[in-house]
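Chemist: Got a structure for you, written out below as C-alpha cells; questions coming shortly.
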Amino acid sequence: MKPSYYNFIYHTESSSYWMNGITHACLKFSKILGEKVEGLLENIPLLLNNSKELYDILVNGGFIIPKQTDEYKFIYDRYMESVQSKHYFLILLPTLNCNFTCPYCVQTHIPSKMSEETINKVKKNLKYMVEIEHIQSLTLEWFGGEPFLYFNEVVKPITLYAKEICENAHIPFISGATTNGSLINSSIAAQLPALEFLRFQITLDGDEKLHNTVKFNPAINSAFKETLNNITSILNHNPHAFITLRINYTDETLKSNLVNEICSQIPHKLRSKVTVTLKKVWQHSADKNRFSSYIEILDNFKAEGFNVTKLDISSSFIPCYVNKKYYACINYDGGAIKCTNCDDLYASNLRGELNDNGRIIWNDKFDIQTQNPSFTNEPCRTCKRLPLCMGHCPKNHLMMSDWKCKWPAFDIDLKQAVVSYIDDLY
Numbered sequence: 021m022k023p024s025y026y027n028f029i030y031h032t033e034s035s036s037y038w039m040n041g042i043t044h045a046c047l048k049f050s051k052i053l054g055e056k057v058e059g060l061l062e063n064i065p066l067l068l069n070n071s072k073e074l075y076d077i078l079v080n081g082g083f084i085i086p087k088q089t090d091e092y093k094f095i096y097d098r099y100m101e102s103v104q105s106k107h108y109f110l111i112l113l114p115t116l117n118c119n120f121t122c123p124y125c126v127q128t129h130i131p132s133k134m135s136e137e138t139i140n141k142v143k144k145n146l147k148y149m150v151e152i153e154h155i156q157s158l159t160l161e162w163f164g165g166e167p168f169l170y171f172n173e174v175v176k177p178i179t180l181y182a183k184e185i186c187e188n189a190h191i192p193f194i195s196g197a198t199t200n201g202s203l204i205n206s207s208i209a210a211q212l213p214a215l216e217f218l219r220f221q222i223t224l225d226g227d228e229k230l231h232n233t234v235k236f237n238p239a240i241n242s243a244f245k246e247t248l249n250n251i252t253s254i255l256n257h258n259p260h261a262f263i264t265l266r267i268n269y270t271d272e273t274l275k276s277n278l279v280n281e282i283c284s285q286i287p288h289k290l291r292s293k294v295t296v297t298l299k300k301v302w303q304h305s306a307d308k309n310r311f312s313s314y315i316e317i318l319d320n321f322k323a324e325g326f327n328v329t330k331l332d333i334s335s336s337f338i339p340c341y342v343n344k345k346y347y348a349c350i351n352y353d354g355g356a357i358k359c360t361n362c363d364d365l366y367a368s369n370l371r372g373e374l375n376d377n378g379r380i381i382w383n384d385k386f387d388i389q390t391q392n393p394s395f396t397n398e399p400c401r402t403c404k405r406l407p408l409c410m411g412h413c414p415k416n417h418l419m420m421s422d423w424k425c426k427w428p429a430f431d432i433d434l435k436q437a438v439v440s441y442i443d444d445l446y
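This is the structure in C-alpha cells:
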C-alpha cells in the first residue's frame, strides 16, 4: 500500500483537515492526531498495526491505495467514461437577444429568434438521439441571450415534445435554464412543473443598488426585486425545483449588504432549494486576499438557510461538459457549437449544423477534437490539483498552442476553501 498522490492535508492551530482529490472523501482530526497519522503514511504497516480501524478509514477514502495503482491512468479512464456517457445534454438558444445589457456579458445581443424550421429540426434531433443513438437520458438546458423572451413560441413547444418522446422511450428527462430570471412571472412559473423544469441558474450582481445598476431596464422598476420574487414564485409552484443563485462579484459586491437584502426577499422555508455560488467578474484580476471575504459571505448565506458552494471542483472527471460526446449547443439559426463562451455563436464558418434529418454534422471533426483531454501535458500530469480541475478549459485547449494553468485566474485559496468546506461537513 502507498499514500495517494492526490491527498490534500492541511493543519490549523487546532485541527487537521484531509481531502482526497480523486474520491473527494474528507476527514477531520485533532492537529496532534492528524500530524501523527500523516507521519505514518510513510510507514503504512506501522499504521495498520497501530489502528486497523483508522487504516480502514483511510483505505476506504482513497487516502491509502494499492502500490500498483496508476492514479493518472485511473483519472484518464474516468475522463473517457464521462466523455462517452450516453446521457445527452443539449443546450438550446431561442435567441441571442436579451432584456439587459450587462457590462461583463461576453455575448453580442442581436435581434434574433429561432424559426419554426429550426424548431422542427431540433425536434428531429431529439427523435434521432432517442430512437437511433439510444441515449440513456436527456437534459435540455435553455440559454441565450435571455431564453424566456420566447417562452411560448420556442421553449414550451420544444420542451413538451422532448418530455413526450422521453416518456415514450422510458428514459429520464429534465429541463432547466440559465436566465436572468426577470421574465419568469407567476403565470410562466405555474407552467414550468409540467415541463419538468427542475434546474435554474439565475444571476445576481450584488445588492439591490448594484444589481439594478448592472441590469437596468426602464420597463422594470427593480430588476433585483423582480428576479427574487420570481425565484420565490418558481419554488412555490414547484417544490422539486432547485435554483443555483450565481452572484457575479467584484470588490464592491463583497462589501455590499447582499445577504440581508436577499434574505428579505426569499422566505426561509424556500432557502434550502437555493444554492449560492460566487463567481468573479472576469474583467477583474484575481486576488487571493479577497477569498476571506468570499468565505465570510458564503458562511452568512449558510447561516440563513441557503446551500453554498465553497469548493467548486470537478465532480465527473471532465473540466467542462463541452468535452462530452453526447453534448451539443444549437443556436437560434440551427448552427451547432460546443462552447457558448466564444465567438462561435456569430461565426460565418459554422462548427456544425443540423441537417434535415435532425443529425448534427460537425465540420473538420470538431466534435472529436473537443473530446480530447486537455490535461495530457506535463504540468497537468504532475499536478496534485489535476482531479479537482481536470486541466484547462477545452476552448482554450483548442485555441492556444501553449499550455496555461487556469488556477491563477481564480481568487480561490485552496487551503482555506478545503478547511471551510470540511468544517461545514463536520
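Just so we're aligned: the sequence shown equals residues 21 to 446 in my numbering. Positions of the beta carbon are idealized from the N, C-alpha and C atoms, including for glycine. Owing to the predicted nature of the structure, the values given are computational and were not obtained by experimental measurement.
Using only the alpha-carbon positions, how far apart do P86 and K22 sit?
Modeler: Going by the C-alpha atoms only, they are around 6 angstroms apart.
Chemist: When DSSP labels each residue in this structure, what does G355 get in the three-state scheme?
Modeler: DSSP places G355 in strand when its eight states are reduced to three.
Chemist: How is L331 classed by DSSP in three states: helix, strand or coil?
Modeler: Coil at L331, not helix or strand.
Chemist: Pull up the DSSP beta-bridge partners for V294, would you.
Modeler: In DSSP, V294 forms a bridge with I263.
Chemist: Tell me the start and end of each unbroken alpha helix (DSSP H) in the stretch 353 to 421 that is at least 4 residues and wholly inside, in chain order.
Modeler: Counting whole runs of 4 or more residues, the stretch 353 to 421 contains the alpha helix (DSSP H) stretches 386 to 391, 398 to 401, 406 to 409 and 414 to 419.
Chemist: Tell whether a beta-carbon distance below 7 angstroms holds between I338 and S102.
Modeler: Closer than 7 angstroms, so yes.
Chemist: Where does A306 fall in DSSP's three states?
Modeler: The answer is coil: DSSP assigns A306 none of H, G, I, E or B.
Chemist: Here's the rule: buried if 16 or more other CB atoms are within 10 angstroms of the residue's CB, otherwise exposed. What is D431?
Modeler: D431 comes out buried.
Chemist: Which full runs of the alpha helix (DSSP H) of 4+ residues lie inside the stretch 195 to 262, going along the chain?
Modeler: Counting only runs of 4 or more, we get 206 to 211, 228 to 234 and 243 to 257.
Chemist: Which runs of the alpha helix (DSSP H) at least 4 residues long sit entirely within the stretch 171 to 195? Give them in chain order.
Modeler: The qualifying runs are 176 to 189.
Chemist: Less than 7 angstroms between the C-beta atoms of S36 and F28, yes or no?
Modeler: Not closer than 7 angstroms, so no.
Chemist: Whole angstroms is fine: what's the gap from H31's alpha carbon to L60's?
Modeler: One C-alpha to the other measures close to 16 angstroms.
Chemist: Can at least three beta-carbon pairs, one atom from the stretch 132 to 140 and one from the stretch 346 to 362, be found at a separation below 8 angstroms?
Modeler: Yes, since at least three Cβ pairs between the stretch 132 to 140 and the stretch 346 to 362 fall closer than 8 angstroms, the two stretches touch.
Chemist: Please give me, in chain order, every unbroken run of the beta strand (DSSP E) with length at least 3 that falls completely inside the stretch 40 to 78.
Modeler: Counting whole runs of 3 or more residues, the stretch 40 to 78 contains the beta strand (DSSP E) stretches 46 to 50.
Chemist: Looking at the secondary structure, which residues open and close the beta strand (DSSP E) in which E161 lies?
Modeler: Where E161 is concerned, the enclosing beta strand (DSSP E) stretches over S157 to W162.
Chemist: Here's a check: name, in chain order, each residue in its chain whose Cβ is nearer than 6 angstroms to the Cβ of E161, leaving out the five neighbours to either side.
Modeler: Excluding sequence neighbours, E161 sits near I111 and G196.
Chemist: Flag this pair as touching only if the stretch 300 to 315 and the stretch 375 to 383 have three or more C-beta atom pairs under 8 angstroms; answer yes or no.
Modeler: Result no; under three Cβ-Cβ pairs closer than 8 angstroms.
Chemist: Using the Cα positions of N309 and K183, report the straight-line distance between them to the nearest angstrom.
Modeler: Their Cα atoms are separated by approximately 47 angstroms.
Chemist: Got a sec? Which residues, its chain only, sit under 8 angstroms from F163 by beta carbon, not counting five neighbours each side?
Modeler: Hits under 8 angstroms: I111, L112, L113, A197, T198, C349 and T360.
Chemist: Can you tell me which residues form a DSSP beta bridge with W38?
Modeler: Paired residues: I29 and L47.
Chemist: Tell me, please, which residues DSSP counts as bridged to L110.
Modeler: Per DSSP, L160 and A348.
Chemist: Could you compute how far the alpha carbon of A214 sits from the alpha carbon of K176?
Modeler: In a straight line, the C-alpha of A214 is about 10 angstroms away from that of K176.
Chemist: Could you have a look at N280 and say whether DSSP puts it in helix, strand or coil?
Modeler: N280: helix per DSSP, three-state reduction.
Chemist: When you compare each of P167, K344, L158 and R291 to C186 by their alpha carbons, which one comes out closest?
Modeler: The residue with the shortest Cα to Cα distance from C186 is L158.
Chemist: What does a CB cutoff of less than 7 angstroms around H257 pick up in its chain, not counting 5 residues either side in sequence?
Modeler: Within the same chain, H257 has close Cβ partners A209, A210, L212 and P213.
Chemist: If you reduce the DSSP assignment to three classes, tell me which class K147 lands in.
Modeler: Helix at K147.
Chemist: Pull the bridge partners of P23 from the DSSP assignment, please.
Modeler: Note: P23 sits in a beta bridge opposite I84.
Chemist: Terminal residues of the continuous alpha helix (DSSP H) containing I442?
Modeler: Segment L434 to L445, the alpha helix (DSSP H) holding I442.
Chemist: By Cβ distance below 6 angstroms, which residues in the same chain neighbour N397 in space, the five residues on each side in sequence not counted?
Modeler: Within the same chain, N397 has close Cβ partners W423.
Chemist: Does the structure place the stretch 395 to 414 close enough to the stretch 365 to 375 that three or more beta carbon pairs sit under 8 angstroms?
Modeler: Contact between the stretch 365 to 375 and the stretch 395 to 414 is absent, because fewer than three Cβ pairs lie under 8 angstroms.
Chemist: Taking only three categories from DSSP, how would you classify Y314?
Modeler: In this structure, Y314 counts as helix in the three-state DSSP scheme.
Chemist: Under 7 angstroms, do D225 and N268 count as touching if we go by C-beta distance?
Modeler: A contact, by the Cβ cut-off of 7 angstroms.
Chemist: Taking all protein chains shown into account, decide if D363 is buried (16 or more other Cβ within 10 angstroms of its Cβ) or exposed.
Modeler: Classification for D363: exposed.
Chemist: So who's on the other strand from Y269, going by DSSP bridges?
Modeler: Answer is K300, bridged to Y269.
Chemist: Look up T115 in the DSSP assignment and say whether it is helix, strand or coil.
Modeler: Of the three classes helix, strand and coil, the one that applies to T115 here is coil, per DSSP.
Chemist: Just the C-alpha distance for R405 and S71, rounded to the nearest angstrom, thanks.
Modeler: So the alpha carbons of these two residues sit roughly 29 angstroms apart.
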